[in-house]
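Student:
Protein chains: 2
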Amino acid sequence: MTDNLVEKTLTRKEILTGNVIHVVVDEVELPNHEKGQREIVLHPGAVAIMALTSDKKMLFVRQFRKPLERTILEIPAGKIDPEDTDTLATAKRELEEETGYQGEKWQFVAEYATSPGFSNEIMHTYLATDLVKVEDPLAQDEDEFLQLVAYTLEEAKAGIKQGEIYDAKTIMAIQTWQAMTESGEL
Amino acid sequence: MTDNLVEKTLTRKEILTGNVIHVVVDEVELPNHEKGQREIVLHPGAVAIMALTSDKKMLFVRQFRKPLERTILEIPAGKIDPEDTDTLATAKRELEEETGYQGEKWQFVAEYATSPGFSNEIMHTYLATDLVKVEDPLAQDEDEFLQLVAYTLEEAKAGIKQGEIYDAKTIMAIQTWQAMTESGEL
Numbered sequence: 001m002t003d004n005l006v007e008k009t010l011t012r013k014e015i016l017t018g019n020v021i022h023v024v025v026d027e028v029e030l031p032n033h034e035k036g037q038r039e040i041v042l043h044p045g046a047v048a049i050m051a052l053t054s055d056k057k058m059l060f061v062r063q064f065r066k067p068l069e070r071t072i073l074e075i076p077a078g079k080i081d082p083e084d085t086d087t088l089a090t091a092k093r094e095l096e097e098e099t100g101y102q103g104e105k106w107q108f109v110a111e112y113a114t115s116p117g118f119s120n121e122i123m124h125t126y127l128a129t130d131l132v133k134v135e136d137p138l139a140q141d142e143d144e145f146l147q148l149v150a151y152t153l154e155e156a157k158a159g160i161k162q163g164e165i166y167d168a169k170t171i172m173a174i175q176t177w178q179a180m181t182e183s184g185e186l
Numbered sequence: 001m002t003d004n005l006v007e008k009t010l011t012r013k014e015i016l017t018g019n020v021i022h023v024v025v026d027e028v029e030l031p032n033h034e035k036g037q038r039e040i041v042l043h044p045g046a047v048a049i050m051a052l053t054s055d056k057k058m059l060f061v062r063q064f065r066k067p068l069e070r071t072i073l074e075i076p077a078g079k080i081d082p083e084d085t086d087t088l089a090t091a092k093r094e095l096e097e098e099t100g101y102q103g104e105k106w107q108f109v110a111e112y113a114t115s116p117g118f119s120n121e122i123m124h125t126y127l128a129t130d131l132v133k134v135e136d137p138l139a140q141d142e143d144e145f146l147q148l149v150a151y152t153l154e155e156a157k158a159g160i161k162q163g164e165i166y167d168a169k170t171i172m173a174i175q176t177w178q179a180m181t182e183s184g185e186l
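So the sequences go chain by chain: A and B. If you read the first sequence in full-length UniProt numbering, its first letter stands for residue 1, the second for the next number, and so on. If you read the second sequence in full-length UniProt numbering, its first letter stands for residue 1, the second for the next number, and so on.
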């Protein structure tokens, strides 16, 4: 049923091999046999962590986001490195690097494409509970500057309303947190 | 409190001016006065539409997404054009182009950054109800090939589980649909 929607790659032009993203422009054959252009941002994929404290707060990091030219509050997250064995390993590393905490319990929550019109970035979200403060945690990336915040569900929902919380993975995490709380899973 | 996180642009290099995205590489001054590199995908912004039929189904479009090299099911969406007066106008146009329906009632739902680590794309989501089939709807974009589907909430949730529904804006829309249904708003 869906085969007739496929676009065949005719040529691929390399545009940028960056530290985080790789940009290419494909010439494709459209389903009607005309030619089209697709500008594509290749990304290694990323993880995001819903880290819940024993007093029912979630950990967030405040970070300046150059593309938005402003500071927003997000759940801890980071891209998959070539040496990561799996996305759970990435999640454990990123949580410790960005917050100084480890989780004793981990649960897979969701996986999705962040912006499939132009990017292949896949976000993998995990829930971490039974958090333990690490004495000597993994260092943050050299070019990352973060402030750690812990919010209740009500504070997080207020953060969305005020625009301090403004990105898809974080808003989805808070929606999921609320749904899991209401269903008694948390 | 947050000023010390700001990154100042030192230089900007133009990499790609595409049909959809514009890619630049900024050299920035980090908060510790070291230099860093930010690869940025500039995007005009986009809209997404939660279009609900009178029999409590949502409209979805099946579309091949070249970055993912597969077909997925998404809510109707599209990028903001320079001639659009506002995001609601974009939403009305995209709904008609992609589904052949107009909504008689419109409501703003949410606004968020899809992937703030590397892109400034902002997604604006609207809810459209009281749908009316248009006799002679606006034509789809020349390079868009879509199949229209209407799902109940249960079918949509099954679609997420099976991976047919796989992108952030659509999963968020379904989470919002469920929450509005449970709260009696819909």
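For glycine and all other residues, C-beta sits at the position ideal for the given N, C-alpha and C.
Are the C-beta atoms of B:L127 and some chain A residue less than 7 Å apart?
Tutor: Here the question's residue 127 of chain B lines up with position 127 in the second sequence. No - not a single Cβ of chain A is within 7 Å of the one on B:L127.
Student: What did DSSP end up calling B:E104 once you bin it into helix, strand or coil?
Tutor: Counting from one through the second sequence, the residue named residue 104 of chain B turns up at place 104. Residue state, collapsed to three classes: strand.
Student: Going by C-alpha to C-alpha distance, which of A:T176, A:E7, A:T11, A:Q147 sits closest to A:F108?
Tutor: On the first sequence, position 108 is the one that residue 108 of chain A refers to. With distances taken between Cα atoms, A:F108 lies closest to A:T176.
Student: Smallest Cα separation from A:K79: which of A:E104, A:I165, A:T71, A:T114?
Tutor: For the purposes of this step, residue 79 of chain A is taken as residue 79 along the first sequence, with counting starting at 1. Closest by alpha carbon: A:T114.
Student: Can you pull the chain B neighbours of A:A168, defined as C-beta to C-beta under 8 Å?
Tutor: Position 168 of the first sequence holds residue 168 of chain A. Within 8 Å Cβ-Cβ: Y112, A113, T114, S115, M123, A168, K169, M172.
Student: Pick out the complete beta strand (DSSP E) segments inside the UniProt domain "Nudix hydrolase" (41-173) of chain A, 3 residues or longer, and give them in chain order.
Tutor: Here the runs fully enclosed are 46-51, 58-65, 70-74, 77-79, 101-113, 122-133, 146-151.
Student: With DSSP run on the structure shown, which of helix, strand or coil describes A:T181?
Tutor: Taking the first residue of the first sequence as position 1, residue 181 of chain A is located at position 181. Correct three-state label for A:T181: helix.
Student: Identify the continuous beta strand (DSSP E) that holds A:H33 and give its terminal residues.
Tutor: Taking the first sequence and counting its residues from 1, the one referred to as residue 33 of chain A is at position 33. Counting along the chain, A:H33 falls outside any beta strand (DSSP E), and DSSP gives it neither H nor E.
Student: Could you check what DSSP says for B:L16 in three-state terms: helix, strand or coil?
Tutor: Position 16 of the second sequence holds residue 16 of chain B. Strand at B:L16.
Student: For B:R12 and chain A, any beta-carbon pair shorter than 7 Å?
Tutor: Residue mapping note: residue 12 of chain B aligns to position 12 of the second sequence, counting from 1. So no, B:R12 is outside the interface.
Student: Is the Cβ of B:L68 closer than 7 Å to any Cβ of chain A?
Tutor: The count along the second sequence starts at 1 and reaches residue 68 of chain B at position 68. Taking Cβ atoms only, chain A reaches closer than 7 Å to B:L68, which makes this a yes.
Student: Look at B:E94 and B:V47 and say whether their C-beta atoms are less than 7 Å apart.
Tutor: Your numbering for residue 94 of chain B matches position 94 in the second sequence. Your numbering for residue 47 of chain B matches position 47 in the second sequence. It is a contact, given that the beta carbons lie within the stated cut-off.
Student: Measuring CB to CB, does B:L127 end up less than 7 Å from B:M50?
Tutor: For the purposes of this step, residue 127 of chain B is taken as residue 127 along the second sequence, with counting starting at 1. For the purposes of this step, residue 50 of chain B is taken as residue 50 along the second sequence, with counting starting at 1. Contact flag set, yes.
Student: For A:L186, which of helix, strand or coil comes out of DSSP?
Tutor: Stepping through the first sequence from its first residue, residue 186 of chain A is reached at position 186. Looking at A:L186 - three-state DSSP - the assignment turns out to be coil, as it is neither helix nor strand.
Student: Taking A:Q175 as the query, report the chain B residues whose CB atoms sit under 8 Å from its CB, ordered along the chain.
Tutor: Reading the first sequence from its first residue, position 175 is the one you call residue 175 of chain A. Within 8 Å Cβ-Cβ: M172, Q175, T176, A179.
Student: Does any C-beta atom of chain B lie closer than 7 Å to the C-beta of A:P31?
Tutor: For the purposes of this step, residue 31 of chain A is taken as the residue at position 31 of the first sequence. Taking Cβ atoms only, chain B reaches closer than 7 Å to A:P31, which makes this a yes.
Student: Exposed or buried, what is A:M1 when buried is set at 16 or more other beta-carbons lying within 10 Å of its beta-carbon?
Tutor: The residue labelled residue 1 of chain A in the question sits at position 1 within the first sequence. Low confidence applies here, because A:M1 scores a pLDDT of 46, under 50, leaving its location unreliable and the question unanswered by this model.
Student: Residues of chain A with CB under 7 Å from B:Q107, in chain order?
Tutor: Here residue 107 of chain B refers to the residue found at position 107 when the second sequence is read from its first residue. By Cβ distance, chain A contributes nothing, its closest Cβ being about 16 Å from B:Q107, past 7 Å.
Student: Does the pairing of the segment 64-75 of chain B with the segment 128-136 of chain A give three or more beta-carbon distances under 8 Å?
Tutor: Judged by Cβ distances under 8 Å, the segment 64-75 of chain B makes no contact with the segment 128-136 of chain A, as fewer than three pairs qualify.
Student: Rounded to a whole number of angstroms, what is the C-alpha to C-alpha distance between B:K13 and B:E27?
Tutor: Numbered from its first residue, the second sequence carries residue 13 of chain B at position 13. Numbered from its first residue, the second sequence carries residue 27 of chain B at position 27. So the alpha carbons of these two residues sit roughly 8 Å apart.
Student: Below 7 Å between beta carbons is the criterion; list the residues of the segment 49-63 of chain A that meet it against any residue of chain B, in chain order.
Tutor: Result list: R62, Q63.
Student: Run through the DSSP bridge pairs and tell me what A:E7 is partnered with.
Tutor: In the first sequence, residue 7 of chain A corresponds to position 7, counting from 1. Answer is none; A:E7 lacks a bridge partner.
Student: Could you list which residues in chain A have their beta carbon closer than 7 Å to that of B:G36, in chain order?
Tutor: As a working mapping, residue 36 of chain B is identified with position 36 in the second sequence. Under the 7 Å cutoff, chain A gives D143.
Student: Using only the alpha-carbon positions, how far apart do A:P137 and B:G18 sit?
Tutor: Counting from one through the first sequence, the residue named residue 137 of chain A turns up at place 137. Counting from one through the second sequence, the residue named residue 18 of chain B turns up at place 18. One C-alpha to the other measures close to 42 Å.
Student: Does B:G18 have its Cβ less than 7 Å from a Cβ in chain A?
Tutor: Here the question's residue 18 of chain B lines up with position 18 in the second sequence. Interface residue, yes.
Student: Alpha carbons only, please: which of A:D55, A:P31, A:V20 is nearest the one belonging to A:P82?
Tutor: The residue labelled residue 82 of chain A in the question sits at position 82 within the first sequence. With distances taken between Cα atoms, A:P82 lies closest to A:V20.
Student: So which residues on chain B does A:S183 lean against when the C-beta distance must stay under 8 Å?
Tutor: To locate residue 183 of chain A, count along the first sequence from 1; it is residue 183. Near A:S183 there are no residues of chain B at all, since even the closest Cβ is about 10 Å away, more than 8 Å.
Student: Would you call residue 227 of chain B buried or exposed, if buried means 16 or more other Cβ atoms sit within 10 Å of its Cβ?
Tutor: Nothing can be reported for residue 227 of chain B, as the shown portion of chain B is limited to 1 through 186.
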